[in-house]
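The sequence shown: position 422 = 449 (the working numbering), numbered continuously.
We put the CB at the ideal spot given by N, CA and C, even for glycine.
Quick notes on the structure that follows.
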Amino acid sequence: MPLFLGVDMGTSSLKACVIDGEGHGAAGAKVPSETLSPGPGMYEVDGETCWWRGFLSLCGEISHSVPLSDIAGICVSSVCGSFIPVDGQGRQTHNAILYGIDRRAAKQAEELNEKYGPQLAARLGGPFTTHSVFPKILWLKERCPDVFHRTAFFLEPNNFVTFRLTGERAWDFPSAAGTTLVDRPALEWPGELFAAEGVDTARFPPLRWPLSVLGRVTAGAARETGLPEGIPVAVGACDINAEAAAARAFFPGDCVVVFGSTVSLLLTTERPAEVPGFVSGMSLLEGTFRVGAATASGSRFLQWMNRTFRSGDPEREQSPTGILILPWLDGARTPFHNPEARMTFNGMDGSATPGRMIRAGREALGYELSFLLSRIGEVRAVPDVLDVSGGLCNDRTLMGIISSITGKKLRLHRDVDASYGDALIAASASGFLPPDELKAMGGGGTMVFPDRALHEKFLPWSRCFRNLAENGGMTRP
28 MPLFLGVDMG
38 TSSLKACVID
48 GEGHGAAGAK
58 VPSETLSPGP
68 GMYEVDGETC
78 WWRGFLSLCG
88 EISHSVPLSD
98 IAGICVSSVC
108 GSFIPVDGQG
118 RQTHNAILYG
128 IDRRAAKQAE
138 ELNEKYGPQL
148 AARLGGPFTT
158 HSVFPKILWL
168 KERCPDVFHR
178 TAFFLEPNNF
188 VTFRLTGERA
198 WDFPSAAGTT
208 LVDRPALEWP
218 GELFAAEGVD
228 TARFPPLRWP
238 LSVLGRVTAG
248 AARETGLPEG
258 IPVAVGACDI
268 NAEAAAARAF
278 FPGDCVVVFG
288 STVSLLLTTE
298 RPAEVPGFVS
308 GMSLLEGTFR
318 VGAATASGSR
328 FLQWMNRTFR
338 SGDPEREQSP
348 TGILILPWLD
358 GARTPFHNPE
368 ARMTFNGMDG
378 SATPGRMIRA
388 GREALGYELS
398 FLLSRIGEVR
408 AVPDVLDVSG
418 GLCNDRTLMG
428 IISSITGKKL
438 RLHRDVDASY
448 GDALIAASAS
458 GFLPPDELKA
468 MGGGGTMVFP
478 DRALHEKFLP
488 WSRCFRNLAE
498 NGGMTRP
């Protein structure tokens, strides 16, 4: 039976998953990655060291469990809203610049929004934010002109690896749309905008759909990696799309929430939907669309809470703590896109214990998700069941809090991650399995049901959280 390799390149690690033709795991591996911060609000990755050498290390690791000669297809995913500048041979000219947590180009984003105004929503799906790639390219043009002039292409991170494997370049539609890079009526790069800002469209590879074949492993890449020459490599997508594939949540009406270092939300729709402050774009399958959201909270925020309040044991009281926290460690992302927003604590008094603060931090994730779902619900129907993945979904207590605050049933996909979704995409792109059969592969997930009585207690606090968030929390002079 053929095997399929999926690799996800995250901010803290690279993970590999090998599945057989029935969707069962055959091997897995993990190697560390490192995020660099060369200055305040700047986050980067050395692509050569972390991504390419990391990919080679993963190939070596999985070869101890399965013969690489049995691999029949490959797909790679990477962090959304990120890019790496390279020369004509695919060598990086600058470290990869990461997604919305990198705020270096806030000024450029603001200037673009002022210059082009309302047309951005109609053409690109929304205004530029700290999650957008193009303002950061202009930052390079202004601040690092030597790098800009030496750069032949701006690649999405997964293509930094797949280009080495195949010699072919591409951006996938949903990832490009998610960073406001696609002229949606034309289904093409916004060439007029690029030209007006002095950026040659030729520096951007062709746009392709994720489940299509990018190319095939070359003889040179086969020698370097140990993978079979000539096997297909999928175009792939960014990690939130791979997580959606892992949860089989990429058909219209499906909604996936990924609780990782940050929290991401993706609702697939049958036609374009505009929700103010959210990213509107394409989904994995050609002809499907999405509404996307991303926060600055998640495990990074909970880890900060644990370090700050020095308690690993949250209060176990079931009733709401009455403490509201805007978990904006790195500014507010969806729907405000305000890099200057700051974390706010509301409702504390002298009786607040470290354990209660830890629980309040967990509630904050639920309140923020409930707020995002309510915003989407004003425009599009939100399903009663959310497909949930990411490391935090292994915390059943946290998932119970999330379910009771949102009032949604959660289907937990605890044993799969983006690398598993990549392996499924590899199986489909290789022609082994049509996309509509992916839904049945690998089984379902564990269900978590909301406590309805507790949900009623949380409702007024959810409304207070929304009011606090929409009024900006703590203001600054």
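DSSP three-state label for residue i, please.
i	result
K436	strand
R503	Residue confidence is low: R503 scores 40 on pLDDT, short of 50, so the model does not pin down where it sits. No coordinate-derived value is stated.
E71	strand
T295	strand
F161	helix
R211	coil
R479	helix
C420	helix
M36	strand
V103	strand
P462	helix
R317	strand
I89	helix
V188	helix
R383	helix
L495	helix
D449	helix
D47	strand
P94	coil
R243	strand
G404	helix
G52	strand
F485	helix
So, using beta-carbon positions, are residue i and residue j closer together than 9 Å?
i	j	result
G472	D414	yes
R317	P217	no
R243	P233	no
F110	E183	yes
S92	A132	no
S159	T206	yes
L125	V209	no
A6	E270	Limits of the chain in this structure are 28 at one end and 504 at the other, which puts residue 6 out of reach.
G434	R479	yes
G308	G325	no
D129	K163	yes
A274	S416	yes
G117	F459	no
L312	L238	yes
L151	R230	no
Bridge partners of residue i, per DSSP?
i	result
T473	L439
Q119	V113
L234	W198
V174	Note: V174 sits in no beta bridge, so no partner.
V415	V284 and L439
I124	E71 and F110
K57	K42
F181	P112
L151	The partner list for L151 (beta bridge, DSSP) is empty, contrary to what the question assumes.
Would you please state the rounded distance, in angstroms, between the beta carbons of residue i and residue j? I believe it to be under 8 Å.
i	j	result
A450	C44	5 Å
I432	S397	5 Å
V104	N185	Val is not the amino acid found at residue 104; the sequence shown has Ser there. Indeed they touch by this definition, with Cβ atoms about 6 Å apart.
L293	V283	5 Å
T289	T322	6 Å
L437	I429	7 Å
Complete runs of the beta strand (DSSP E) confined to the region 338-374 [at least 3 residues]:
Complete beta strand (DSSP E) runs here, min 3: 351-353 and 371-373.
Fully enclosed by the region 252-310, which beta strand (DSSP E) runs are 3 residues long or longer?
Segments of the beta strand (DSSP E) lying fully in the region 252-310: 259-261, 282-286, 290-296 and 306-309.
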